[in-house]
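**Q** All you need for this note's numbering is the position in the sequence shown, starting with 1, plus 6.
Ideal Cβ placement from N, Cα and C applies to all residues, glycine included.
What you are looking at is a predicted structure, and each value in this text was computed from that prediction instead of being measured.
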Amino acid sequence: MASMASVEEIRNAQRAKGPATILAIGTATPENCIQQSDYADYYFRVTKSEHMTELKKKFNRICEKSMIKKRYIHLTEKMLEEHPNIGAYMAPSLNI
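(1) Looking at H80 and N18, is the spacing between their C-beta atoms short of 8 Å?
(2) Taking C-beta to C-beta, are Y3 and C69 nearer than 8 Å?
(3) Shortest alpha-carbon distance to L104 belongs to which of V52, R77, R67?
(4) Identify every residue that forms a DSSP beta bridge with K76.
(5) So which of L61, I40, A22 has the shortest CA-CA distance to K76?
Structural data, given as structure tokens:
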């Protein structure tokens with residue numbers, strides 16, 4: 007019968023031997039960048055909600071007060087046009 011390892015032995019087996027080193031620090035951002043000042047227009051255009059003018063004004067105020075300068079977005083307008091279910095409520099968006 008094999009003997010059970012102690013908690014200390016398990017911890018020591020999981021630790022690295024030698025000094026720890028950080029090899030690199032990086033930031034990955036998508037290529038698509040939208041200025042925060044244009045974000046409300048972009049959002050309401052791609053969701054086909056431009057007729058909701060009061061909501062758009064409110065959303066614009068939220069964007070202005072957020073102190074965010076840029077938004078990086080994976081989905082492009084072209085991608086959303088090609089696959090309209092991505093932005094449709096309760097639609098099976100991943101069935102491509």
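**A** On the basis of the data shown:
(1) In the sequence shown, the residue the question calls residue 18 occupies position 12. In the sequence shown, the residue the question calls residue 80 occupies position 74. Contact: no.
(2) The structure shown does not extend to residue 3, since the chain spans only 7 to 102, so no value can be given for it.
(3) This structure does not reach residue 104, given that the chain is present from 7 up to 102, and the question cannot be answered.
(4) On the sequence shown, residue 76 is found 70 positions in, with the first residue counted as 1. Paired residues: Q41.
(5) Taking the sequence shown and counting its residues from 1, one reaches residue 76 at position 70. Of the listed residues, the one whose Cα sits closest to K76 is I40.
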